[in-house]
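J.:
Number of protein chains: 2
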Amino acid sequence: MLKLSKKVEYGLIAMRHVAAGESGRVTTAKEIAERYKLPYELLAKVMQKLAKRGFIVSHQGVYGGYTLAKGAGEISISSIIDAIEGQLPAIAQCIAESPDSCSIYDNCTIKNPLGKIQTNIDTVFRSMKLSEIV
Amino acid sequence: MLKLSKKVEYGLIAMRHVAAGESGRVTTAKEIAERYKLPYELLAKVMQKLAKRGFIVSHQGVYGGYTLAKGAGEISISSIIDAIEGQLPAIAQCIAESPDSCSIYDNCTIKNPLGKIQTNIDTVFRSMKLSEIV
DNA sequence: CGTAAATCGGACTTAATCGGTCGGGTATAG
DNA sequence: CTATACCCGACCGATTAAGTCCGATTTACG
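Line order of the protein sequences matches chains A and B.
With the numbering used here applied, the first sequence corresponds to residues 122 to 255, in that order.
With the numbering used here applied, the second sequence corresponds to residues 122 to 255, in that order.
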């Protein structure tokens with residue numbers, strides 16, 4: 122419970138790797154998969170999402186690969202998770218989606234405290250930048 | 122991803138309810154299940170765990186039920202989660218269990234930053250007490 | 001050109017976890 | 001002795017996560 126998904130872990134490893142390389146150099150998904158012993162196809166798909174969100178730039182074709190799209194200081198862990206999962210990390214259904222996705226919302230006595238906890242956790246993920254983990 | 126389990130949600134609702142009642146009064150699992158429309162059997166099991174950990178006192182037999190075992194200010198959200206799940210909330214396998222439960226631990230480049238994030242999240246859950254949500 | 005190497009993207013399968021249920025046991029007030 | 005409540009393990013179905021497969025598109029280079 123409360124664990125990050127493998128996709129997010131792989132994404133973070135990949136982002137760090139790309140950010141750590143020389144600025145001009147392209148890195149392929151294959152390279153990263155081999156280097157860290159990650160399942161290639163899953164990693165590849167994660168990197169596609171990261172490219173779509175504009176964190177890395179994709180270069181297709183032979184000798185293609187990925188390069189970092191912006192400064193590592195501008196990329197938060199929070200936004201990376203959001204890119205991969207399609208939403209920000211939320212500790213409860215009624216926070217992630219609409220309140221009426223929860224059947225007991227009306228007489229739920231813990232939604233306010235959970236909201237407070239959520240705010241604090243948001244801060245944790247938003248304040249850590251990729252630049253801090255390179 | 123990163124969501125609390127239903128068991129934890131139910132446990133928090135139950136603990137809050139017990140803590141909110143008059144100090145002498147016993148509360149049954151059935152009562153809480155009906156009041157908040159929670160599945161009785163699941164809730165009951167959660168409350169048994171909370172009793173075993175000494176957060177609530179169980180009274181068996183007819184007119185039995187549960188009463189709060191200690192001050193609401195002494196009970197952290199963190200410890201409630203721990204009681205229900207059998208472990209503290211961890212964002213990665215290698216944090217929850219031993220490092221060698223992770224196949225890529227040795228060349229994992231993100232374990233340190235994840236550790237830092239974990240520390241901050243620990244603080245969030247540890248610093249909020251039951252007394253704050255009653 | 002044609003080929004090889006890379007990104008794209010959906011569909012599918014398998015594995016693991018979660019949420020919930022069931023059945024039987026123990027304690028105890030009246 | 002019975003009704004009511006806690007106790008506890010086993011089980012099952014649904015959902016989600018993890019991983020795989022297949023085919024398409026792009027592009028450097030001989």
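Even for Gly, the Cβ is constructed at its ideal location relative to N, Cα and C.
Taking C-beta pairs closer than 7 Å, name the residues in chain A that L164 of chain B reaches, listed in chain order.
T.: Chain A residues near L164 of chain B: none, gap ~12 Å exceeds 7 Å.
J.: Compare the C-alpha of L235 of chain A against each of B:Y226, B:I198, B:V147, B:L209 and name the closest.
T.: B:I198
J.: Any beta carbon from chain B within less than 7 Å of L123 of chain A's own beta carbon?
T.: yes
J.: Under a three-way DSSP split, which group does S197 of chain A fall into?
T.: Three-state DSSP puts S197 of chain A in a strand.
J.: Look at L251 of chain B and I196 of chain B and say whether their C-beta atoms are less than 7 Å apart.
T.: yes
J.: So, does the CB of Y161 of chain A fall closer than 7 Å to a CB anywhere in chain B?
T.: no
J.: Between A184 of chain B and V147 of chain B, what straight-line distance do the alpha-carbon atoms span, to the nearest angstrom?
T.: Note that residue 184 of chain B is Tyr in the sequence shown here, rather than Ala. Rounded to whole angstroms, Y184 of chain B to V147 of chain B spans 8 Å at the Cα level.
J.: Between B:M122, B:Y157, B:G207, B:C223, which lies nearest to V139 of chain B when the distance is taken from Cα to Cα?
T.: B:Y157
J.: According to DSSP, simplified to helix, strand and coil, what is S219 of chain B?
T.: Annotated three-state conformation of S219 of chain B is coil, per DSSP.
J.: Using C-beta distances below 6 Å, list every residue in its chain close to K170 of chain A, excluding the 5 sequence neighbours before and after it, in chain order.
T.: So the qualifying residues of the chain are A204, I205.
J.: Output the boundary residues of the alpha helix (DSSP H) element that contains I134 of chain A.
T.: 127–141
J.: Given a limit of 8 Å on CB to CB distance, which residues of the region 213–232 of chain A reach chain B?
T.: A213, Q214, A217, S224, I225, N228, C229, T230, I231
J.: Should E130 of chain B go down as buried or exposed, given a rule of 16 or more other Cβ atoms within 10 Å for buried?
T.: buried
J.: Quick test of the definition: if touching needs 3 or more C-beta pairs under 8 Å, does the region 171–178 of chain B touch the region 223–238 of chain B?
T.: no
J.: Check for me: the alpha helix (DSSP H) holding Y226 of chain B runs from which residue to which?
T.: Run containing Y226 of chain B: none; DSSP gives neither H nor E here.
J.: Does S252 of chain A come out as helix, strand or coil in the three-state DSSP assignment?
T.: helix
J.: Considering only their Cβ atoms, is the gap separating N233 of chain A from V245 of chain B smaller than 7 Å?
T.: no
J.: Residues of chain B with a CB under 7 Å from the CB of S126 of chain A: which are they?
T.: Per Cβ cutoff of 7 Å: M122.
J.: From the DSSP output, in three-state form, read off I256 of chain A for me.
T.: The question about residue 256 of chain A has no answer, for chain A in this structure spans 122 to 255.
J.: Report the three-state DSSP secondary structure of V178 of chain B (helix, strand or coil).
T.: V178 of chain B: strand per DSSP, three-state reduction.
J.: So, using beta-carbon positions, are I201 of chain B and Q239 of chain B closer together than 7 Å?
T.: no
J.: Quick one: Cα of A135 of chain A to Cα of S224 of chain B, how far?
T.: Their Cα atoms are separated by approximately 17 Å.
J.: I'd like to confirm the pairing. Which residues does DSSP put opposite T188 of chain A in its beta bridges?
T.: A:V178
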